[in-house]
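**Student:**
Numbering (the UniProt record's numbering), first residue to last: 1 to 124.
1) Let me know the secondary structure DSSP gives residue 113 once reduced to three states.
2) My guess is that residue 53 and residue 110 are in contact by the Cβ rule of under 8 Å, so how many angstroms apart are they, rounded?
3) Please return the same chain residues whose Cβ sits closer than 8 Å to the Cβ of residue 75, not counting the five positions on each side in sequence.
4) If you draw a straight line from the alpha carbon of residue 9 to that of residue 15, how long is it in whole angstroms?
5) Report the CB separation of residue 58 from residue 100 in whole angstroms; it is logged as a contact under 8 Å.
6) Taking residue 129 as the reference, which of 92, 17, 3 has the closest Cα?
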């Protein structure tokens, strides 16, 4: 689904465009966890790459029915993992709502998988 991604820069307190391209939610074949991956058009550089964890809070962007904001604790799109605040804007509200539904579904599935992995680690 095509979208435009923005990153909030704390130092300048402004949104910086990360890129325009297709955002995808990819499920890992072995562990079943879902991550959000987005690549820029033309260059195909990764502009978002992180798991959708239960702690993330997807909230509507102020003044728009076609964009969402969330905090990613560990985004590895620029090499080193870092905590970032991201916003994504779609061409219309239908696509934005489809993204929200898919995001929340993946978040629920991942929550069960993360709890299961934590339980297995503490039992070992």
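Virtual Cβ for every residue (Gly too), placed ideally from N, Cα, C.
**Tutor:** Taking the geometry as given:
1) Taking the chain shown and counting its residues from 1, one reaches residue 113 at position 113. Three-state result, residue 113: helix.
2) Here residue 53 is taken as the residue at index 53 of the chain shown, counted from 1. Here residue 110 is taken as the residue at index 110 of the chain shown, counted from 1. Confirmed, Cβ separation roughly 6 Å.
3) For the purposes of this step, residue 75 is taken as residue 75 along the chain shown, with counting starting at 1. Hits under 8 Å: 48, 49, 50, 81, 82, 83, 84, 86.
4) Here residue 9 corresponds to residue number 9 of the chain shown, with the count starting at 1. Here residue 15 corresponds to residue number 15 of the chain shown, with the count starting at 1. So the two alpha carbons sit approximately 6 Å from each other.
5) The residue you call residue 58 lines up with position 58 of the chain shown. The residue you call residue 100 lines up with position 100 of the chain shown. Right, the Cβ-Cβ distance comes to about 6 Å (below 8 Å), so this counts as a contact.
6) The chain is shown from 1 up to 124; residue 129 falls before or after that span and cannot be answered.
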